Ligand SMILES: Nc1ncnc2c1ncn2[C@@H]1O[C@H](COP(=O)(O)OP(=O)(O)O)[C@@H](O)[C@H]1O
Ligand SMILES: [Mg+2]
């Protein structure tokens with residue numbers, strides 16, 4: 115109370131500076147980057163930051179986030195298929211996820227924090243597989259209408275380093291078994307997404323220690339008052 119009062123009575127410090135320490139209600143934030151960049155390692159800390167400020171945070175992932183979409187995830191990550199099939203399945207999963215989880219959460223004022231979203235489809239099926247991005251853009255419109263993330267944190271790491279981190283951590287899925295050249299193409303496609311939407315997509319240098327990376331995303335959030 116005392117801090118709030120002193121802010122009110124000090125004309126050199128605008129009250130907004132203290133009020134805006136979290137994203138607005140109904141905010142949609144996505145986390146992107148190649149496999150092994152560190153997305154899953156950091157998403158929990160981001161969620162905790164906002165929960166500590168009293169927000170409802172819905173932490174979810176793609177492909178997945180509902181029973182149907184998780185079943186589709188299993189197929190996409192482990193069954194051989196062509197790029198169009200991949201794209202159709204990830205958009206089918208996304209449709210279900212939007213309807214069952216994301217849109218209801220945003221409508222009740224929660225912050226949705228999603229590990230991968232449509233940028234990953236452009237990066238993996240578009241950049242990695244070389245699939246027609248005009249078709250992806252059509253599917254994007256069909257499935258999500260005008261819904262776009264309010265902020266995307268792109269954890270950017272060189273493919274060689276990402277491969278080293280993955281190798282130390284887990285057995286590879288269909289995508290993670292791809293060669294370094296595939297991940298170079300995915301990374302370039304992420305860079306292209308940033309170039310197309312520089313207000314929405316924020317690049318986070320994902321090299322260095324987890325603490326260094328955390329300091330970088332924290333700086334991005336603080337620069338927005340989030
Ligand atoms: N900054 C870092 N330095 C070293 N290892 C890291 C770093 N960030 C994450 N890791 C490790 O790399 C592996 C992949 O990280 P993960 O968060 O699963 O990446 P992603 O979700 O992007 O695939 C994990 O074993 C994780 O502990
Ligand atoms: Mg992950």
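Residue numbers (our numbering): 115 to 340. Just so you know, even glycine gets a beta-carbon here, dropped at the ideal spot from N, CA and C. Predicted, not measured: the structure shown is a model, and the values here were computed from it.
Item: Less than 7 Å between C-beta atoms, sequence neighbours within five positions excluded: which residues of the same chain meet that for residue 175?; Value: 228, 229, 230
Item: Would you say residue 207 and residue 220 are within 9 Å of each other, going by their C-beta atoms?; Value: no
Item: In chain order, what residues place their C-beta within less than 5 Å of a heavy atom belonging to ligand 2?; Value: 153, 154
Item: Quick one: give me the first and last residue of the alpha helix (DSSP H) that residue 280 is part of.; Value: 273-283
Item: Tell me whether residue 323 counts as near ligand 3, meaning its Cβ is closer than 8 Å to at least one heavy atom of that ligand.; Value: Although ligand 3 was asked about, the structure shown includes only ligand 1 and ligand 2 as ligands.
Item: May I have the straight-line CA-CA distance separating residue 198 from residue 245, to the nearest angstrom?; Value: 7 Å
Item: Throw me the rounded Cβ distance for the residue 159 and residue 328 pair, which I believe falls under 8 Å.; Value: 6 Å
Item: Evaluate the contact criterion for the segment 264-281 versus the segment 305-318: three or more CB pairs, one atom per stretch, below 8 Å.; Value: yes
Item: Should residue 179 be labelled buried (16 or more other beta-carbon atoms within 10 Å of its own) or exposed?; Value: buried
Item: What beta strand (DSSP E) runs, 3 residues minimum, are completely inside the segment 163-232?; Value: 171-175, 225-229
Item: Give me the DSSP bridge partner(s) of residue 256.; Value: Answer is none; residue 256 lacks a bridge partner.
Item: Rounded to whole angstroms, what's the CA-CA distance from residue 251 to residue 155? Just pull it up for me.; Value: 29 Å
Item: Quick check: what's the CA-CA separation for residue 311 versus residue 326?; Value: 25 Å
Item: Please state if the CB of residue 144 and the CB of residue 287 are separated by a distance shorter than 9 Å.; Value: no
Item: By DSSP, does residue 288 sit in helix, in strand, or in coil?; Value: coil
Item: Taking residue 222 as the reference, give the member of 135, 142, 334 with the closest Cα.; Value: 142
Item: For ligand 1, is there a heavy atom less than 8 Å away from the beta-carbon of residue 240?; Value: no
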